[in-house]
Amino acid sequence: MKNITEGLLSYLGHDAEDLLTYKSEYVSKDLLHLPSPTFIDEVYGITDRNPQVLRSLGQLFGHGRLGGTGYLSILPIDQGIEHSAGASFAANPLYFDPENIVRLAMEGGCNAVATTYGVLGAVSRKFAHKIPLIVKINHNELLTYPNRSDQIMYGTVREAWNLGAVAVGATIYFGSAESGRQIVEIAQAFDEAHRLGMATVLWCYIRNDAFKTGGKDYHLAVDLTGQANHLGVTIQADIIKQKLPELNGGYQALNMGNSSYGKLDPRMYTELSSDHPIDLCRYQVLNCFAGRAGLINSGGASGEHDFQDAVRTAVINKRAGGTGLISGRKAFQRPMNEGVQLLHMIQDVYLSDEVTVA
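What follows is the structure, encoded as structure tokens:
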């Protein structure tokens, strides 16, 4: 394992001591099923997943620089549909070519690449046996005018199986007007994927304009995103992908005035979490059936401080008890050598014995 304390300090800056030494006094790590080299045997292995799914999970967790550790580093590139190809790839037109997307994941030492039917279908015979493929089976699209938020299916689970994928990924916009249809649709798709021997990854996103209230954006509230995670594990997602939480109190804010929304218990805010980022992320892990489904947090949009933000997110996720990072735009919206370097920095956090679970 690597000793990377000095490198971490330079990226974490004034937050280094707090993030690396923080001890959680809320949800004990002893209550969680934590990532380990034996996680598949001890956790997934006692579920109703069939042997083919366990084999696929073994391929996923066994590949790349983090292979065999219980942690995941996944490159997701579906923004060509979600955000428009021009907006996504203008910084690096080479990623209009699907082969370069897979190359970045391979050179970056990732466990897997998660992208569209079209991208993987274009190059699957070249790469299906070289790196685990995850097909993202639904997407939002921004060509309809006016734009709207809705995840729709772009193909079938059997297509994903035919091109050699070890897993399928999907997004549900929990809280949206369309969420009921999406829950049923993806639950059925995940059932078929499991029958065919593939693992399942769910992007558990919150989406509703009403969640922006009082000058705050509660799409990133841990009580709401945590419940989204819980719903995702309920439809048997093997891995949950979620944005890193930034605040709490979503249920409280949406129950102010004459409104009535959901159910809450004050102990959600006093006994199960604090405002510390590690405690907030741990509440997300807790909602993933206490870590029985691995939580991977997203890397977020690309900006001026990508390396610092990526390392910070990785440290928070690992110390909270999470399973890894799924980082796309920070990696592919820069020169490939820098993208590879960024992915390696994320992985180095999970390879370090000095970054422990809080």
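Take 20 as the starting number for the sequence shown in my numbering and just add one per residue.
Don't be surprised by glycine CBs; every beta carbon is placed ideally from N, CA and C.
Asked	Found
Nearest-angstrom Cα separation, counted from T332 out to M125	22 angstroms
Simplified DSSP state of N159, which is helix, strand or coil	coil
Cβ neighbours of G83 in the same chain (closer than 7 angstroms, five flanking residues each side left out)	S92, G128, C129 and N130
Cβ-Cβ distance between V185 and Q78 below 7 angstroms	yes
Exposure of V252, with buried meaning 16 or more beta-carbon neighbours within 10 Å	buried
The region 243-260 / the region 298-313 touching (three or more Cβ pairs under 8 angstroms)	yes
Through-space distance from C223 to D232, alpha-carbon basis	The sequence given here places Thr at residue 232; Asp does not occur at that position. Their Cα atoms are separated by approximately 21 angstroms.
Given L85 as reference, the closest of E211, F351, P354 and K337 once Cα atoms are compared	K337
Terminal residues of the alpha helix (DSSP H) in which A141 lies	Y136 to F146
Three-way DSSP call (helix, strand, coil) for S198 in this model	helix
Exposure of L50, with buried meaning 16 or more beta-carbon neighbours within 10 Å	exposed
Residue from A350, Y280 and V154 with nearest C-alpha to S107	A350
Test item: CB-CB of F209 and Q255 under 7 angstroms	yes
The region 149-157 in contact with the region 181-200 per 3-pair CB rule at 8 angstroms	yes
Any C-beta of chain C under 7 angstroms from that of I150	The structure shown has no chain C; it contains just one protein chain.
The alpha helix (DSSP H) enclosing C307, as first and last residue numbers	Here C307 belongs to no alpha helix (DSSP H), and DSSP marks it neither H nor E.
Inter-residue Cα distance where the pair is I171 and P95	18 angstroms
Assigned secondary structure, T8 (DSSP; H/G/I helix, E/B strand, else coil)	Since the displayed the chain opens at 20 and closes at 377, residue 8 lies outside it and no answer follows.
Buried or exposed by the 16-neighbour rule on C-beta atoms within 10 Å, applied to V121	buried
C-beta contact flag for E160 and I100 at 7 angstroms	yes
Cα-Cα separation, K21 to D328	Confidence is the limiting factor: at K21 the pLDDT is only 48, short of 50, which leaves the residue's position unreliable, though a coordinate-based value still follows. K21 and D328: Cα-Cα distance of roughly 20 angstroms.
Cβ pair R226, G194 closer than 7 angstroms	yes
Cβ shell of P296 (< 7 angstroms), same chain only, five flanking positions each side left out	I335
Counted within 10 angstroms of its Cβ, other Cβ atoms place L362 as buried (16 or more) or exposed	buried
Local Cβ density within 10 Å of A104, reported as buried at 16 or more and exposed below that	exposed
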